[in-house]
Every structure is written in structure tokens, then in C-alpha cells.
Amino acid sequence: MKHTEKQTELIEHKEDKEDLSEIEDKNHVKTGEKPWSCSQSKQKNCKKKRANRSFTCTQCGKSFSSKHYLDDHMRVHTGEKPYTCDHCEKSFIQSSHLKRHMNIHTREKPYKCSHCDKRFSQSGTLKIHERFHTGEKPYTCDQCGKSFTIKGHLTVHMRVHTGEKPYKCSHCDKRFSRSVDVKIHERIHTGEKLQTCFQCGKRFTIKGHLSVHMRVHTGEKPFTCDQCGKSFTRKGHLKEHMRIHTGEKPHICYQCGKSFTIKGHLSVHIRVHTGEKPFSCDQCGKSFTQTSALQVHMNIHTRQNIYACDQCNKICLRASDLNKHLRIHTKEKPHSCHLCGKSFTSAQHLKHHSRIHTGEKPYKCSHCDKRFSRSGNLKKHEIIHTGEKPYHCIECGKSFNQSYNLHSHTKNIHRK
751 MKHTEKQTEL IEHKEDKEDL SEIEDKNHVK TGEKPWSCSQ SKQKNCKKKR ANRSFTCTQC
811 GKSFSSKHYL DDHMRVHTGE KPYTCDHCEK SFIQSSHLKR HMNIHTREKP YKCSHCDKRF
871 SQSGTLKIHE RFHTGEKPYT CDQCGKSFTI KGHLTVHMRV HTGEKPYKCS HCDKRFSRSV
931 DVKIHERIHT GEKLQTCFQC GKRFTIKGHL SVHMRVHTGE KPFTCDQCGK SFTRKGHLKE
991 HMRIHTGEKP HICYQCGKSF TIKGHLSVHI RVHTGEKPFS CDQCGKSFTQ TSALQVHMNI
1051 HTRQNIYACD QCNKICLRAS DLNKHLRIHT KEKPHSCHLC GKSFTSAQHL KHHSRIHTGE
1111 KPYKCSHCDK RFSRSGNLKK HEIIHTGEKP YHCIECGKSF NQSYNLHSHT KNIHRK
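Be aware that the sequence shown starts at 751, since it is given in my numbering, and climbs by one per residue.
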């Protein structure tokens, strides 16, 4: 955040200078003053030179209206910070940044927020802070319409559309859209890890990450939902939680159109379509799409955390699975279809049934255009294309493409 504020202050500092330049130009018009003199014969050429004056960065191609601005910008690439604080030896790209920093030592914060008691050393920082109270987002992306409270955030966001990555690693050819990202990346090469947790010894490359981590030990949850009172350690987690109340599901699967409140849930869901199962059991080799599913599966081997039905002695790996199973005995079917009235023991079964009415078939074969209402049916179908025979007889080793065929084989051949 500090880095972003510095970026913003640099941008706003440049804007202030440009605004001052415009005021001075207007004043010259009013007073008749002509600070640039050209002879009559050379006037055309002089105007052309001034109009074409542009200073371009050789590293990233960015252009500036003056050499002074270009010199300031070049320090982003070179890492040069010529202005050093004589109190703490911290260095800065610009003298104005050092001047602002000095307020940390003097403790001077003359600018107070009109909405809360927070105070700031810079008027520009106060202005940005107050937007969080008012909800004002004056900087809008002309590509996708997304708005931002800080101009620097819009500048960085635009690189999503342009693909611009102006910051290059000094150790390898990797490039980044943000200077903070290249600094973090370069620590992979240098091995630098400055921030250490005094509680557990865990190390972090960024101080902010350590601050968030410390909440694990302190139990601090500073971000509270104003709808239900639930608290969170991170602002991002609160933001994701708020979608439960708003119903917003911004992360959409491009394969089947299913929406999710959290990006991580979409990433897991995508594996239904790709077939990826990155988490494997080291006991039997079975693979899973999620770590949680693997952890539940491990109970088969360890015989821990298993749930037994007191009606028929069936073993379940989850308490929720046992609850669903018990409905077989109680005949309870709490989930009813509002179209035909048919009832089901689980919400998942109702969801599958509903596709009969809607005609929805979200699972598409990657080999042909055939679609299915259930992922299990898709998997069975794709075996036709791949020729895979995943079901093996433990008696004779013969393989089958369907579990039903294996069951028939075992019954007819080995259990006569």
C-alpha cells in the first residue's frame, strides 16, 4: 500500500507541476509576457521544435513532456535513490518524496479527515483517504468500465488490457507490470527474506505479509461485516464474504457458465472440465481435485474420523455424508422440486433432477460436441474416445471401461 501511495504521490506531484505550468502559460497570455522569443523568420521552426519536444524512456517507451520528468522516471528502472534521510538513512527517488518522509520524524500531520479522526502529513493522501468514506472512484477504465479511487491503480490496471510489462528483472528476462512485483521476484535470485515472525520463525519477503500473518498469533480480526458481524483477518476475505449477502458471483466458468463468489472456487471447479486431479494419496495412488477431499480419503487408511451408521453399520468419511445416508432409513426427503413436486434426500440430487426440466447440460465432451447433465456421465462417455479401462478385476487383472461391466464379470466368472 505504501508503494502505491508513493506512486500516486509521484503522479499527483507531476500533475501539480503541469497544472502550475498551465496557469503560468495563461498568465503570460493575460500580461502579454513572451518568455520564449523567436525572430520573425525562425518563428515557424521554433514552434515546431516546441510542439515536437518529447522525452522517451529507452527502457519501456513511456514519453514525458520534460527531461526532468524523464530523469525522475528512469530511476524506477535503475533503482537509483539519490535523496537520503539523515535520520533513518531511507532513500528516495525524488527530493519531494524525502520532504514528505521527514514528516514521519517530525510527527507533523496537519491534514485531518472530515469523516474520522485520522490525520495525514500530505493533503493528497488525505484526499485519497476520504474517497474510502465517500465511495468516490473518479478514475475509470475506458476498456472495461472498472473504476478506481487512485489514479496509480488505474495506470497499473490498464496494463491488463495493454499487456505492458515495463519492469524487467535484473537477473533474468522475466518482466512485470508493477515495480513491487519485480522487487518481490528478485528476492528469489538474491535469497533475501527480511521479515521474520518472532512467534514461529516464519519468514516473509514483504513486511505487509508479516503483519497479516501476525494476526494468526494475536487472533486479531480487524475487518468486520456490517451485515452479520462476522470478522476477518484480511480485507479481501471480508470482500469475498460480503458476496454472500449481495449474491454477487463475479467469477464465471467459461465452459458451463456456472458462477462463483470466490476465484479459488472457480479454479477448483474448472478441474471438473479439465479432469485435473493434482492431489494424490501416497498410500493407494488415488487422485483428487481438492486437498480437503484427499484429507477425507486418508481416513480410509488411518481409520480416523470415520462415522458409522447405527442402523446398518455403513462407514462414512464425513459427518455430512452420514447425515445424508441416514435419510435412507428415515425416508426423509427434504429437498423438493418446485416444478413437479418430486422430493430428494440431498440438494445435489435435486440439482441434477432440475436439469431434466431446464434441459441444462453443462458438461461438454472434449472430443466431440456431446453434452451431459452430470460430470459422471461425461467421464463414462469420454472413455469411448480414450479407450481407457479404469476398472480392474482384483481376481484376474482383467480391465473394463464401465464399473457395471466389472461387477457383472466378478459375479458371473469368480462367484459362480
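Don't be surprised by glycine CBs; every beta carbon is placed ideally from N, CA and C. None of these values were measured; they are calculated from a predicted model.
(message) Among 1042, 890, 885 and 859, whose alpha-carbon lies nearest the alpha-carbon of residue 875?
(response) 859
(request) Taking residue 847 as part of the alpha helix (DSSP H), name the residues at either end of that continuous run. (result) 845-856
(request) Give every residue of the same chain whose Cβ lies closer than 7 Å to the Cβ of residue 1163, excluding the five residues on either side of it in the sequence, and list them in chain order. (result) none
(request) Name the residue from 1080, 1054 and 995 whose alpha carbon lies nearest to the alpha carbon of residue 1060. (result) 1080
(request) State whether the region 808-821 contacts the region 905-925, with contact taken as three or more CB pairs (one from each stretch) at a distance under 8 Å. (result) yes
(request) Note down, in chain order, each residue of its chain lying with its Cβ closer than 8 Å to the Cβ of residue 818, except the 5 sequence neighbours on either side. (result) none
(request) Using the Cα positions of residue 909 and residue 806, report the straight-line distance between them to the nearest angstrom. (result) 18 Å
(message) Just verifying my parser: in three-state terms, what is the DSSP assignment at residue 841?
(response) strand
(message) Suppose the cutoff is 8 Å on Cβ atoms and the five residues either side in sequence are ignored; what does the same chain contact list for residue 1102 look like?
(response) 1123 and 1124
(request) Have a look at residue 773 and residue 836 and give me their C-alpha separation to the nearest angstrom. (result) With a pLDDT of only 32 at residue 773, under the threshold of 50, the placement of this residue in the model should not be trusted; the figure read from the coordinates follows. For residue 773 and residue 836, the distance between alpha carbons rounds to 35 Å.
(request) To the nearest angstrom, report how far apart residue 958 and residue 980 are at their CA atoms. (result) 23 Å
(request) Compare the C-alpha of residue 1010 against each of 1018, 1112 and 1000 and name the closest. (result) 1000
(message) From the DSSP secondary-structure annotation, give me the bridge partner or partners of residue 1024.
(response) None, per the DSSP bridge assignment.
(message) Considering only their Cβ atoms, is the gap separating residue 1054 from residue 1018 smaller than 8 Å?
(response) no
(message) Considering Cα atoms alone, identify which of 923, 892, 927 and 1114 is closest to residue 939.
(response) 923
(message) Restricting to Cα atoms, I'd like to know which of 871, 821 and 899 is closest to residue 882.
(response) 899
(message) My output table needs one value for residue 1056: the three-state DSSP class, helix, strand or coil.
(response) coil
(message) I need the DSSP call for residue 900, collapsed to helix, strand or coil.
(response) coil
(message) Measuring straight from C-alpha to C-alpha, what distance separates residue 989 and residue 962?
(response) 16 Å
(request) Taking residue 1092 as part of the alpha helix (DSSP H), name the residues at either end of that continuous run. (result) No alpha helix (DSSP H) holds residue 1092; DSSP gives it neither H nor E.
(message) Pull the bridge partners of residue 825 from the DSSP assignment, please.
(response) BP columns for residue 825 are empty, so no partner.
(request) In angstroms with no decimal places, state the Cα-to-Cα distance between residue 1144 and residue 1108. (result) 41 Å
(request) Under 8 Å by Cβ, that's how I've got residue 1099 and residue 1115 pegged, so tell me the actual separation to the nearest angstrom. (result) With a Cβ gap of about 23 Å, residue 1099 and residue 1115 do not count as contacting.
(message) For a test of the three-state rule: what should DSSP assign to residue 948, helix, strand or coil?
(response) coil
(message) With the cut-off set at 8 Å, would you say residue 814 and residue 827 are in Cβ contact?
(response) no
(request) Take residue 907 and list the residues in its own chain whose beta-carbon comes closer than 7 Å to its own, dropping the five residues that flank it on each side. (result) 891, 896 and 898
(request) May I have the straight-line CA-CA distance separating residue 1134 from residue 912, to the nearest angstrom? (result) 43 Å
(message) Could you tell me which whole alpha helix (DSSP H) segments of length 4 or greater appear in the region 1057-1135?
(response) 1069-1080 and 1097-1108
(message) What does the alpha-carbon distance come out to for the pair residue 1074 and residue 1095?
(response) 7 Å
(message) Let's test the definition: count the other Cβ atoms within 10 Å of the Cβ of residue 850 and tell me whether it reaches 16, buried, or not, exposed.
(response) buried
(request) Quick one: residues in its chain with C-beta nearer than 7 Å to the C-beta of residue 893, no 5 flanking neighbours on either side, listed in chain order? (result) 911
(message) Am I right that residue 1089 and residue 1113 are in contact with their C-beta atoms under 8 Å? What's the rounded C-beta distance?
(response) 22 Å between Cβ atoms; not a contact.
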